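Per our numbering, the sequence shown runs over residues 63 to 329. One structure is given here, and the rest of the page talks about it.
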Amino acid sequence: MQLVRLICLEPPPPDYTFAKQQNDVPGIQLHLEYLDLQTYQPIAKQIYPFPLCMHEGGKLDRYRWEVTAVTLSSEGSVSRKHSPQTSVVEPLPDINSVPSSPKFDLDTPTLPDAIAAPIAVQSSRRVLELQPKSLTLYLCDRGDAEAILKRMRLWVTWSEKAMPQSRWELTQNDDGYTLMNARFQRRIVRFSPSSNSVVSEHSLPVLMKWFHDLSLSVSQTHAQRQFSAVQLKLAHTLFVEMSLPQTDPTIALKKLFGVEFSETLPG
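So this is what it looks like as structure tokens:
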């Protein structure tokens, strides 16, 4: 668990035009302050390039963390403002290993009570490390196995065309087929023909986020001629569906694969 305060987003230089260019980085800096979990006093400050720090593999990768907004009162109590929205894959580096930044003095002394009280009432971010919640669903009709593989291969093709810098791949072994992010080797979903099951190591919101990002990339790509009208319509539909709140995994997977699922193995 880490307790983090957002200090500011430092804008890019005044001469930056924000004209969209390939591999263009605006130089926006995210300033964070790490707090002691017991005293809520600052113990380190760090600057990250934004928004790169939130991309896949970045320090604040949105697929890694479950983030809850908290308010610290002067008595040190913590109240939750929002319920978690994403699940955790990996922790941030230990606070002792956070490299120092030339823009900050990391050896911040403990503040006197008279100064600490005003700081304690500011809004902060609490980052929780949780175990991933896996999902296992079963095909209602064994004959739909080929439809599952067809859709998984389609997603690989989409990723290669719409986001080659973070493409997906489909691997096969004795346990079945695994759809994964090729760059960071993260498993997205696994299909086992022998048990007719689809398994995700992620919670439902995170699984939906994967496909939200993929379908959004397809919908916004400049090379839409590479996709058929049917594929573009499917991408738009998935983007809408994956953007909506969903608590029933059978419904979410039906939207993704176009076939019926059950939470129990059909008799």
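Glycine residues also receive a C-beta, built at the ideal position from the N, C-alpha and C atoms. From a predicted model like this one, the values you see are computed outputs, not experimental measurements.
Could you name the residues of the same chain whose beta carbon sits closer than 7 Å to that of E303, not counting the 5 residues immediately before and after it, in chain order? Closer than 7 Å at Cβ, skipping near neighbours: K317.
Please report the straight-line C-alpha distance between E412 and Q64, rounded to a whole angstrom. A query on residue 412 cannot be resolved here, the shown segment of the chain reaching from 63 to 329 and no further.
Checklist entry - Which value, in whole angstroms, describes the spacing of the CA atoms of H298 and D275? => result Distance between the alpha carbons of H298 and D275 is about 11 Å.
- Query: Cα separation between L300 and F273?
  - Reply: If I take the Cα positions, the gap works out to 7 Å.
When the Cα of S265 is compared with those of D310, Y239, S228, V280, which residue comes out closest?
-> Among D310, Y239, S228, V280, the Cα nearest to that of S265 belongs to D310.
Quiz item: Is P146 helix, strand or coil by DSSP?
Solution: Confidence at P146 is low in this model, with a pLDDT of 38, below 50, so the placement of that residue should be treated as unreliable; the coordinate-derived value is given next. Coil at P146, not helix or strand.
Please return the same chain residues whose Cβ sits closer than 8 Å to the Cβ of G89, not counting the five positions on each side in sequence.
Closer than 8 Å at Cβ, skipping near neighbours: P74, P75, Y78, P111.
State the DSSP-derived secondary structure class of L316, mapped to helix, strand or coil.
Strictly speaking, residue 316 in this sequence is Lys, with Leu absent from that position. Helix.
Exercise. Just the C-alpha distance for K212 and G320, rounded to the nearest angstrom, thanks.
Key: A straight-line Cα-Cα distance of about 11 Å links K212 and G320.
Which residues share a DSSP beta bridge with C70? DSSP, once it has assigned bridges, lists H93 as partnering C70.
Residue closest to I334, alpha-carbon to alpha-carbon, out of A106, D236, Q100 = Past the boundaries of the shown model lies residue 334; the chain is included only from 63 to 329, so the question cannot be answered.
Residue span of the beta strand (DSSP E) that contains L197, given as start and end = For L197, the enclosing beta strand (DSSP E) starts and ends at 197-201.
Inset, instruction - Decide if the region 280-293 is in contact with the region 217-228; the criterion is three or more beta carbon pairs, one per stretch, under 8 Å apart. - result: Contact between the region 280-293 and the region 217-228 is present: three or more C-beta pairs spanning the two stretches fall below 8 Å.
Quickly, what does DSSP pair F112 with across the bridge? List them, please. Partner residues in the beta bridge of F112, as assigned by DSSP, are I90.
Note to self: Per DSSP, what are the beta-bridge partners of N235 in this structure?
What the structure shows: In DSSP, N235 forms a bridge with G238.
Need the endpoints of the alpha helix (DSSP H) that V268 sits in, please.
Taken as a continuous stretch (DSSP letters only), the alpha helix (DSSP H) holding V268 covers 266-282.
Exercise for the section: Going by CA-CA distance only, name the one from L294, I313, H93 that's closest to L278. Expected result: The residue with the shortest Cα to Cα distance from L278 is L294.
task: Whole angstroms is fine: what's the gap from T233's alpha carbon to M242's?
output: Rounded to whole angstroms, the gap between the alpha carbons of T233 and M242 is 8 Å.
How far does the alpha helix (DSSP H) with S213 in it extend, from its first residue to its last? The sequence shown places Arg at residue 213, rather than the Ser named in the question. From DSSP, the alpha helix (DSSP H) with R213 extends over 207-224.
*Closer than 6 Å by C-beta to E95: which residues in its own chain qualify, once you throw out the five before and the five after it? Chain order, please.*
Within the same chain, Cβ atoms closer than 6 Å to the Cβ of E95 are found at R67, I69, P104, K107, the five residues on either side in sequence being excluded.
Given a threshold of 16 other Cβ atoms within 10 Å of its Cβ, counted over all protein chains shown, does I313 qualify as buried or as exposed?
Exposed, since its Cβ has fewer than 16 Cβ neighbours within 10 Å.
* For R215, I'd like the list of residues in its chain whose CB is within less than 7 Å of its CB, leaving aside the five on either flank, ordered along the chain. => Closer than 7 Å at Cβ, skipping near neighbours: L232.
- Task: Have a look at W217 and P328 and give me their C-alpha separation to the nearest angstrom.
- Result: Rounded to the nearest angstrom, the two C-alpha atoms are 27 Å apart.
| query | Apart from the five residues just before and just after L197, which ones in its own chain have a Cβ nearer than 6 Å to its Cβ? | reply | Taken in chain order, the residues that qualify are S262, P311.
Give me, in chain order, the residues of the same chain whose beta-carbon lies closer than 6 Å to that of L269; leave out the 5 immediate sequence neighbours on both sides.
Cβ contact annotation for L269 (same chain, cutoff 6 Å, sequence separation greater than five): S262, in chain order.
Discussion item. Per the DSSP calculation, F323 is bridged to which residue(s)?
Written reply: By DSSP's assignment, F323 forms a beta bridge with L201.
Supposed close pair L199, E325 - CB separation, criterion 8 Å
By a beta-carbon distance limit of 8 Å, L199 contacts E325. Their separation comes to about 6 Å.
Next item on the list: Rounded to whole angstroms, what's the CA-CA distance from R204 to F253? Just pull it up for me.
Entry: A straight line joining the alpha-carbon of R204 with that of F253 spans about 12 Å.
### Message
So, with DSSP's three-state summary, where would you put A176?
### Response
Legend: pLDDT at A176 = 35, less than 50; position of this residue unreliable, no value from coordinates given.
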